[in-house]
Amino acid sequence: MIYLVSGSGAPNYGDELILSMWIRFIQNSRPTENLVVDTHIPANTHRCHELSGPLIVTDNVWQIAKNVGEKLDFWDAFEVGSNFFNQGHYKNFSETNFVSVAENITIFHIHGGGFISTRQPKAGFLLGLAQSLSRTFATKIYGTGLGIEPFDLPPDKHKVIRQLLDTFSLFECRDTVSAKKLSQVFGSELHMPCGLDDNYLEKLKIHPSALCDREPAMHLSFSWPLPKACDEKIFDEINKMRDKYPHVLVWQSYPWKERETIIRLVRHLGHVQVFSTEELTKNGAPVRPGDFMLTTKFHPHFVAARLGCTGNFISNSVYYDVKHESVSSLGSPFSRFEDKIISPGNVLRSSKIVEDEQLQINRKQETARSIYG
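As structure tokens, then:
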């Protein structure tokens, strides 16, 4: 049995996009093997994906992680996870199906996302549980495309984390900041690959609306609160671009946090076309070369840049600085928005991220094959 732990189900566009790719890859590689996908809210996962084959969607591990994380900090939650079986913590969760199937798991895979951080106690439990599965049942454990910042590493926890990383058959960071954080602490003897975000697992799907002839469009994907300087000027700047980009397309990346965004956009801009998380996941990104995007979001930036779009990104935290800078390091033509939109210039020019597309897909698929053959 393959057990895939996903950030899916909130829902969140990036997590849904990545999960859809991993499901296809695993089912193509191992079509007869049972696959369990553990997500935040299974009903939302079902809505965003067209699922088939020997596959079960559950929230057993996430429910345990959230239960533990509500009461403990990251490091204490990690201890509960790492001793889940040998110290009998599993008995407190015997009603969950996970406890009864744990010994049948051959691969426990935490796929990419930014949720593995010491600021999130439930992430500590997940990492500890992976280690416990490996030690108790000899389960192969993998982490791919992980963004771990912010990740605090106090000296008294170095040995704990080193032992954890040694337990993983692969612990792949998706950005250089995360990889450097670990390699600076543990040195070159620790094999810590700086890999790629998991959305490079396959060629991106393009929404049918972007395949027909249309004028260049402006794509918006963000949610409030914005940095004050951006908030005060954002609509003036967007309206200045309307002559060049008359069509406004809104990506609903994180629906439950973006209700206010849609209301504000309609109030200030009039008619906008909204693409839901479900629509984006199932039918692809509605972007084409020559379009422009303004976003606070990581995966909309990433996907749009891969498809030849240019634009500006807004970052309102160190967490998002790392995310957006990781896309910039891959050759994204996006510029940082401060208090005015930076003109994209010749938007039809090729960018490095577009030129390296197949190379990066090949790299990511090689990583995937090292796990699933």
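Numbering-wise (the numbering used here), the sequence shown opens with residue 14 and increments by one.
We put the beta carbon where it would ideally sit given N, CA and C, even for glycine.
Relative to arginine 301, the option among Asn47, Asp211, His232 whose CA is nearest is His232. The beta strand (DSSP E) runs lying completely inside the stretch 85-130 and spanning 3 residues or more are 120-123, given in chain order. In the structure shown, the three-state DSSP call for glycine 324 is strand.
About 7 Å separates the beta carbon of glycine 160 from that of lysine 336, a gap short enough to meet the 8 Å contact definition. If you look at lysine 153, you'll find it in the beta strand (DSSP E) that goes 153-159.
Counting other Cβ atoms within 10 Å of its Cβ, alanine 56 stays below 16 and is therefore classed as exposed. Boundaries of the beta strand (DSSP E) harbouring threonine 308: 305-308, taken from the DSSP string. Under the DSSP assignment, valine 331 falls outside any beta strand (DSSP E), being part of the alpha helix (DSSP H) whose first and last residues are 331-342. With contacts defined as CB atoms closer than 8 Å, glycine 82 and serine 145 fail to qualify as a contacting pair. The continuous beta strand (DSSP E) containing phenylalanine 288 extends over residues 286-288.
For leucine 183, the pairing in a beta bridge is given by DSSP as Tyr155.
Within the stretch 47-79, the complete beta strand (DSSP E) segments at least 3 residues long are 48-51, 68-71, listed from N- to C-terminus. Looking at the DSSP output, arginine 349 sits in a beta bridge with Phe326.
Taken atom to atom, the span from the alpha-carbon of glycine 344 to that of valine 367 is near 8 Å. Contact annotation, threonine 274 with glutamate 29: C-beta distance approximately 18 Å; criterion of less than 8 Å not satisfied. Under the criterion of beta carbons closer than 8 Å, lysine 295 and serine 266 do not qualify as touching, at roughly 15 Å. Its chain contains Val285 as the residues whose beta carbon lies nearer than 7 Å to that of valine 279, once the 5 sequence neighbours on both sides are disregarded; these appear in chain order.
A contact is defined here as three or more CB-CB pairs under 8 Å, and the stretch 45-52 meets this definition with respect to the stretch 67-76.
Between lysine 135 and alanine 192, the beta carbon gap of about 23 Å keeps them out of contact (Cβ cut-off 8 Å). As DSSP reads the structure, alanine 298 sits in a beta bridge with Ile219.
The beta carbon of isoleucine 120 lies closer than 6 Å to those of Ile15, Lys153 in the same chain, with the five residues before and after it left out. When rounded, the separation of the alpha-carbon atoms in isoleucine 31 and isoleucine 77 is 23 Å. Annotation for glycine 125: Ile31, Thr157, Gly158, Leu159, Arg187, Asp210, Asp211 place their beta carbon closer than 7 Å to its own, counting only its chain and skipping 5 residues before and after. Cβ contact annotation for aspartate 244 (same chain, cutoff 8 Å, sequence separation greater than five): Trp237, Pro238, in chain order.
Valine 173 and arginine 227 have their C-alpha atoms spaced approximately 55 Å apart.
Between the stretch 163-171 and the stretch 312-320, the count of Cβ pairs shorter than 8 Å is below three; the stretches do not touch.
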